[in-house]
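Since the structure comes first, as structure tokens, the remarks are kept for the end.
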Amino acid sequence: MGLIDLSQNYSFYALPLAWFISFAPGVYSKALAGKNYDIANPRALAENVQKDEKLPKEIKAKILRCEAAAANGQDTLSLFIASVIAANYAGVPVETINKLVALYLSSRVAFNFTYIFLQSNPSFAPVRSLIWNVGIVSWVTLFVKAGNRL
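The following block contains the structure:
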């Protein structure tokens, strides 16, 4: 038996964790942006960062990558959540659900790290895309397995 008992259903615990993973880069971007983040007008962050001539170019780029990583996480979050619900409803084996959920979560962490910290080197773009596709395949597989059981 491993460190985690995969016969226990952890998939619903993963939903808020998935939200947090997609939300975290946005929090980091606001911390980096400092005074450029206006809580009264949060969507102006990118514009404010671009206008700030005192902010180093590398920090500007990192802030914008953080915002993009957060938006990307939000783009797939609802589909991931729906796939987990569908898989549970259809009676997909718990171990299968847990493994695919873990794959999605780990792909999102790897995506965020790659996008935020490694993307200043354009040669990492294909790696980021590969990681993104792994996450997509995980929740699509949950939908397919749910469909196959109904």
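Per my numbering, the sequence shown starts with residue 41, numbered consecutively.
For every residue, glycine included, the Cβ atom is placed at its ideal position computed from N, Cα and C.
C-alpha distance - Ile9 paired with Lys97, whole-angstrom precision: Missing from the structure shown is residue 9; the chain here goes from 41 to 190 and no further.
Asn188: CB within 8 Å of a non-hydrogen atom of the ligand GDP: The ligand GDP is not part of the structure shown, which contains no ligands of any sort.
Lys94, DSSP secondary structure in three states: Within the sequence shown, the letter at position 54 stands for residue 94. The answer is coil: DSSP assigns Lys94 none of H, G, I, E or B.
N-terminal and C-terminal residue of the alpha helix (DSSP H) that Ile137 is part of: By 1-based counting over the sequence shown, the position of residue 137 is 97. Here the alpha helix (DSSP H) through Ile137 covers 134-153.
Cut-off 7 Å between Cβ atoms - residues of its own chain near Ser178, not counting five sequence neighbours on either side: As a first step, residue 178 must be located in the sequence shown, where it is residue number 138. Correct list, in chain order: Leu140, Leu143, Tyr144, Ser147.
As assigned by DSSP and simplified to three states, the class of Tyr50: For the purposes of this step, residue 50 is taken as the residue at position 10 of the sequence shown. DSSP, read as helix, strand or coil, puts Tyr50 in coil.
Identity of the residue in Gly74, Ile103, Leu57, Asp92 nearest Val149 by Cα: On the sequence shown, position 109 is the one that residue 149 refers to. The residue with the shortest Cα to Cα distance from Val149 is Leu57.
Proximity of Ala109 and Ile79 at Cβ, strictly below 9 Å: Your numbering for residue 109 matches position 69 in the sequence shown. Your numbering for residue 79 matches position 39 in the sequence shown. Contact: no.
Assigned exposure category for Gly74 - 16 Cβ within 10 Å defines buried: For the purposes of this step, residue 74 is taken as residue 34 along the sequence shown, with counting starting at 1. By the Cβ neighbour-count rule, Gly74 is exposed, with fewer than 16 other Cβ atoms within 10 Å of its own.
Ala127 beta carbon less than 9 Å from that of Phe136: The count along the sequence shown starts at 1 and reaches residue 136 at position 96. The count along the sequence shown starts at 1 and reaches residue 127 at position 87. At residue 136 the sequence reads Thr, which differs from the Phe that was named. The answer is yes: Cβ separation under 9 Å.
Proximity below 9 Å, CB of Phe151 to CB of Ile171: Sequence index remark: in the sequence shown, residue 151 carries index 111 (1-based). Sequence index remark: in the sequence shown, residue 171 carries index 131 (1-based). At the C-beta level, Phe151 and Ile171 come within 9 Å of one another.
Cβ-Cβ distance between Asn49 and Val184 below 9 Å: Your numbering for residue 49 matches position 9 in the sequence shown. Your numbering for residue 184 matches position 144 in the sequence shown. No, these two residues do not count as a Cβ contact at 9 Å.
Nearest candidate by alpha-carbon position, reference Asn76, set Ala64, Gln90, Phe63, Ser118: As a working note, residue 76 is residue 36 in the sequence shown. Nearest C-alpha to Asn76: Gln90.
Supposed close pair Gly113, Ile61 - CB separation, criterion 8 Å: Mapped onto the sequence shown, residue 113 falls at position 73. Mapped onto the sequence shown, residue 61 falls at position 21. Yes, they are in contact, since the Cβ atoms of Gly113 and Ile61 sit about 6 Å apart, within 8 Å.
Own chain partners of Ala64 with C-beta closer than 6 Å, once the 5 adjacent residues on each side are dropped: Counting from one through the sequence shown, the residue named residue 64 turns up at place 24. Cβ neighbours of Ala64 beyond the five flanking positions: none.
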